[in-house]
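K.L.:
In the working numbering, the protein residues as written are 174 to 498.
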């Protein structure tokens with residue numbers, strides 16, 4: 174099992190830690206989502222469980238159990254539903270597992286991903302265990318929002334920060350993986366996160382984006398005729414689709430100011446022509462607030478909030494009207 178090129182430096186640090194038996198009871202991996210972080214975490218877990226350590230032999234009993242996703246000393250905690258929090262009941266369950274003996278007399282590995290979506294009760298419950306960590310139990314926390322992890326939990330963790338790869342390295346890696354040159358705007362749309370871009374391509378994400386972009390432009394011309402269709406399309410994946418629109422509005426503002434940018438989304442010029450600067454800027458700011466609310470408060474009704482945001486476009490000038498800058 175190999176690690177992605179942009180993880181090599183962190184992987185070398187981890188292997189040194191393992192070789193000197195200096196594994197911390199809790200490690201926090203700070204990494205942008207879409208970098209292949211789950212694969213890296215699995216590699217670190219295997220290095221703790223495999224009889225050959227960081228060599229990751231692939232054939233020992235531990236590796237076979239990991240391959241079948243049935244290793245009794247490996248546990249992965251995620252939100253029970255996408256967009257929801259990790260609950261205190263989930264953390265209490267892993268706290269109990271952490272106190273139990275290893276099935277094989279080695280490490281127990283518990284992954285919490287993403288760590289920043291633990292609600293307050295869950296985070297406090299985990300903190301109690303981290304304050305008196307069980308022997309040979311390794312907690313692996315993963316986040317791309319380190320500022321939303323409790324400071325008291327941060328103080329108990331060894332932090333590993335994964336640097337973002339150079340954009341050229343991302344493009345070159347994607348070209349090798351896909352056998353084709355990827356349009357730069359697709360890489361930008363996925364925040365230059367290589368594995369996210371690859372998933373985006375393989376799941377026909379570009380077709381979905383272009384459909385959203387087209388419908389959004391239709392909506393700007395005739396809001397009442399397209400608002401329900403657009404809202405429904407966004408609702409299929411609110412966080413993802415709203416983030417795409419954030420990129421689109423960002424590029425549209427650059428177009429209005431005639432700011433030169435080598436990489437722009439295809440429909441940004443059209444959006445810039447549809448909206449006055451004041452409307453564009455206002456809706457851009459409203460969208461940031463909306464995205465933050467949905468991220469911070471995961472129980473909110475995304476459908477209603479999205480529809481409310483779209484209603485604020487009422488009165489936007491159509492394409493036939495000269496745009497006031």
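We put the CB at the ideal spot given by N, CA and C, even for glycine.
Nothing here was measured: the structure is a model prediction, and the numbers come from that model.
(1) What's the call for residue 356, buried or exposed, on a 16-neighbour Cβ count within 10 Å?
(2) Using alpha carbons as the reference points, say which of 242, 202, 285, 221 lies closest to residue 188.
(3) Measure from the alpha carbon of residue 470 to the alpha carbon of each residue in 412, 451, 443, then state which is nearest.
(4) Between residue 478 and residue 410, what straight-line distance do the alpha-carbon atoms span, to the nearest angstrom?
(5) Nearest-angstrom Cα distance between residue 352 and residue 346?
(6) Mapping DSSP to helix, strand and coil, what is residue 373?
(7) Taking DSSP's pairing of strands, which residues face residue 312 in a bridge?
(8) Who are residue 250's beta bridge partners in DSSP?
(9) Nearest to residue 288 by CA position, among 305, 264, 270, 307, is which residue?
(10) Please state whether DSSP places residue 291 in a helix, a strand or coil.
(11) Below 8 Å CB to CB, which residues in the same chain sit around residue 256 once its five sequence neighbours on both sides are set aside?
(12) May I have the straight-line CA-CA distance separating residue 433 from residue 424, to the nearest angstrom?
(13) Considering only residues of the segment 348–419, which uninterrupted alpha helix (DSSP H) runs meet the minimum length of 4 residues and lie entirely inside it, listed in chain order?
(14) I need the straight-line Cα distance from residue 272 to residue 245, nearest angstrom please.
(15) Considering just the uninterrupted stretch of the alpha helix (DSSP H) at residue 460, what are its terminal residues?
(16) Quick one: grab the DSSP three-state call for residue 333.
(17) Going by other Cβ atoms of all chains shown within 10 Å of its Cβ, with 16 needed for buried, is residue 266 buried or exposed?
(18) So residue 438 is in the alpha helix (DSSP H); what residue range does that whole segment cover?
(19) Please classify residue 493: is it buried, with 16 or more other beta-carbons within 10 angstroms of its beta-carbon, or exposed?
(20) Under DSSP, the alpha helix (DSSP H) around residue 181 begins and ends at which residues?
(21) Can you name, in chain order, every residue of its own chain whose Cβ lies under 8 Å from the Cβ of residue 186, other than the five neighbours on each side?
(22) Would you tell me roughly how many angstroms separate the C-alpha atoms of residue 339 and residue 397, rounded to the nearest one?
(23) For residue 435, which residues of its own chain have a beta-carbon under 8 Å away from its beta-carbon, when the five flanking residues on both sides are left out?
(24) If residue 311 sits next to residue 203, beta carbons under 8 Å apart, how far is it from one beta carbon to the other, in whole angstroms?
(25) What residue range does the alpha helix (DSSP H) around residue 219 cover?
(26) Output the boundary residues of the alpha helix (DSSP H) element that contains residue 267.
(27) Taking one C-beta from the segment 315–323 and one from the segment 246–254 each time, how about it: are there three or more such pairs within less than 8 Å?
(28) Which two residues bound the contiguous alpha helix (DSSP H) that contains residue 236?
(29) Have a look at residue 329 and residue 300 and give me their C-alpha separation to the nearest angstrom.
(30) Report the CB separation of residue 208 from residue 335 in whole angstroms; it is logged as a contact under 8 Å.
P.N.:
In brief:
(1) Translated into the one-based positions of the chain shown, residue 356 becomes position 183. Result: exposed.
(2) Within the chain shown, numbered from 1, the residue matching residue 188 stands at position 15. Of 242, 202, 285, 221, the residue nearest in Cα terms is 221.
(3) Numbered from its first residue, the chain shown carries residue 470 at position 297. Nearest option by C-alpha distance: 412.
(4) Here residue 478 is taken as the residue at index 305 of the chain shown, counted from 1. Here residue 410 is taken as the residue at index 237 of the chain shown, counted from 1. Approximately 14 Å, taken between the alpha carbons.
(5) Indexing the chain shown from 1 puts residue 352 at position 179. Indexing the chain shown from 1 puts residue 346 at position 173. Spanning the two alpha carbons is a distance of roughly 10 Å.
(6) Residue 373 sits at position 200 when you count from the first residue of the chain shown. If DSSP states are grouped into helix, strand and coil, residue 373 belongs with the helices.
(7) Taking the first residue of the chain shown as position 1, residue 312 is located at position 139. The partner list for residue 312 (beta bridge, DSSP) reads 199, 283.
(8) The residue given as residue 250 occupies position 77 in the chain shown. Residue 250 is bridged to 285.
(9) Residue mapping note: residue 288 aligns to position 115 of the chain shown, counting from 1. Of the listed residues, the one whose Cα sits closest to residue 288 is 264.
(10) Locating residue 291 in the chain shown gives position 118, where the first residue counts as 1. Residue 291 falls in the strand class under three-state DSSP.
(11) The sequence position of residue 256 within the chain shown is 83, counting from 1. Result list for residue 256: 411, 412, 467, 471, 475, in chain order.
(12) The count along the chain shown starts at 1 and reaches residue 433 at position 260. The count along the chain shown starts at 1 and reaches residue 424 at position 251. Computed Cα separation, rounded: 10 Å.
(13) 357–362, 367–375, 378–394, 396–408
(14) The count along the chain shown starts at 1 and reaches residue 272 at position 99. The count along the chain shown starts at 1 and reaches residue 245 at position 72. Near 14 Å, if we compare the C-alpha coordinates of residue 245 and residue 272.
(15) Counting from one through the chain shown, the residue named residue 460 turns up at place 287. Residue 460 -> alpha helix (DSSP H) spans 450–469.
(16) Against the chain shown, residue 333 aligns to sequence position 160. Of the three classes helix, strand and coil, the one that applies to residue 333 here is strand, per DSSP.
(17) Position 93 of the chain shown, counted from the start, is the residue given in the question as residue 266. Residue 266 should be labelled exposed.
(18) To locate residue 438, count along the chain shown from 1; it is residue 265. Taken as a continuous stretch (DSSP letters only), residue 438 belongs to no alpha helix (DSSP H), as it is neither H nor E.
(19) The residue given as residue 493 occupies position 320 in the chain shown. In this prediction, residue 493 scores a pLDDT of 36, lower than 50, which makes its location untrustworthy; no coordinate-derived value is stated.
(20) On the chain shown, position 8 is the one that residue 181 refers to. Unbroken alpha helix (DSSP H) run through residue 181: 181–192.
(21) In the chain shown, the residue the question calls residue 186 occupies position 13. Excluding positions up to five away in sequence, the list reads 333.
(22) Taking the chain shown and counting its residues from 1, the one referred to as residue 339 is at position 166. Taking the chain shown and counting its residues from 1, the one referred to as residue 397 is at position 224. The alpha-carbon atoms of residue 339 and residue 397 are separated by roughly 43 Å.
(23) Translated into positions along the chain shown, residue 435 becomes position 262. 357, listed in sequence order.
(24) Counting from 1 along the chain shown, the entry for residue 311 is found at position 138. Counting from 1 along the chain shown, the entry for residue 203 is found at position 30. No, residue 311 and residue 203 are not in contact; Cβ-Cβ is about 17 Å, not under 8 Å.
(25) In the chain shown, residue 219 corresponds to position 46, counting from 1. Looking at the DSSP string, the run of the alpha helix (DSSP H) that includes residue 219 is 210–222.
(26) Counting from 1 along the chain shown, the entry for residue 267 is found at position 94. That run of the alpha helix (DSSP H) goes 261–272.
(27) no
(28) In the chain shown, the residue the question calls residue 236 occupies position 63. Element bounds for residue 236: 234–240.
(29) As a position in the chain shown, residue 329 is number 156, starting the count at 1. As a position in the chain shown, residue 300 is number 127, starting the count at 1. Going from the Cα of residue 329 to the Cα of residue 300 covers about 8 Å.
(30) Within the chain shown, numbered from 1, the residue matching residue 208 stands at position 35. Within the chain shown, numbered from 1, the residue matching residue 335 stands at position 162. Confirmed, about 6 Å.
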